[in-house]
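The opening position of the sequence shown corresponds to residue 1 in the UniProt record's numbering, with each subsequent residue numbered one higher.
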Amino acid sequence: VEDGYIAKYSLASFSNSVFLTFRETLSKKVEQLIILTASKSSLSSVTPYYMRDISRQIALEGSYTLDTMVQCSPDLDPENCGVCLRLVV
């Protein structure tokens with residue numbers, strides 16, 4: 001174990017609904033962070049164009065920590081930051 005991270009895997013199969021729920025949760029969280037990152041208010045932060053969110057997600061299959069981060073290049077204006085992030089996600 002390095003830096004407190006553990007990689008786990010299982011040979012058990014999972015239903016598609018588990019992955020669809022996670023994908024939907026992740027998509028919503030990333031979109032929220034894109035909006036915040038591209039907003040002019042983020043320009044006043046210590047690290048402009050950078051947002052990170054760590055939240056505890058509770059689902060039928062269990063709970064997990066979702067650590068989400070988005071960042072734009074500082075040479076982009078707010079509008080192009082949002083466009084760029086949406087293109088790469």
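Each residue gets a CB set at the ideal place from its N, CA and C atoms; glycine is no exception.
C-beta contact flag for residue i and residue j at 8 Å
| i | j | result |
| --- | --- | --- |
| residue 70 | residue 37 | yes |
| residue 68 | residue 29 | yes |
Span separating the alpha-carbon of residue i from that of residue j
| i | j | result |
| --- | --- | --- |
| residue 87 | residue 60 | 31 Å |
| residue 76 | residue 65 | 30 Å |
| residue 85 | residue 31 | 9 Å |
| residue 79 | residue 58 | 33 Å |
| residue 91 | residue 62 | In the structure displayed, the chain extends from 1 to 89; residue 91 sits before or after that span and is not available. |
| residue 72 | residue 52 | 12 Å |
| residue 50 | residue 21 | 26 Å |
| residue 48 | residue 25 | 25 Å |
| residue 46 | residue 74 | 12 Å |
| residue 1 | residue 54 | The predicted position of residue 1 is uncertain, since its pLDDT is 41 and thus under 50; no value can be drawn from it. |
| residue 89 | residue 39 | 18 Å |
| residue 35 | residue 81 | 10 Å |
Residues sharing a beta bridge with residue i, DSSP
| i | result |
| --- | --- |
| residue 54 | 67 |
| residue 38 | Per DSSP, none; premise fails for residue 38. |
8 Å Cβ cutoff, residue i in contact with chain B
| i | result |
| --- | --- |
| residue 24 | Here chain B cannot be found, since the structure has a single protein chain. |
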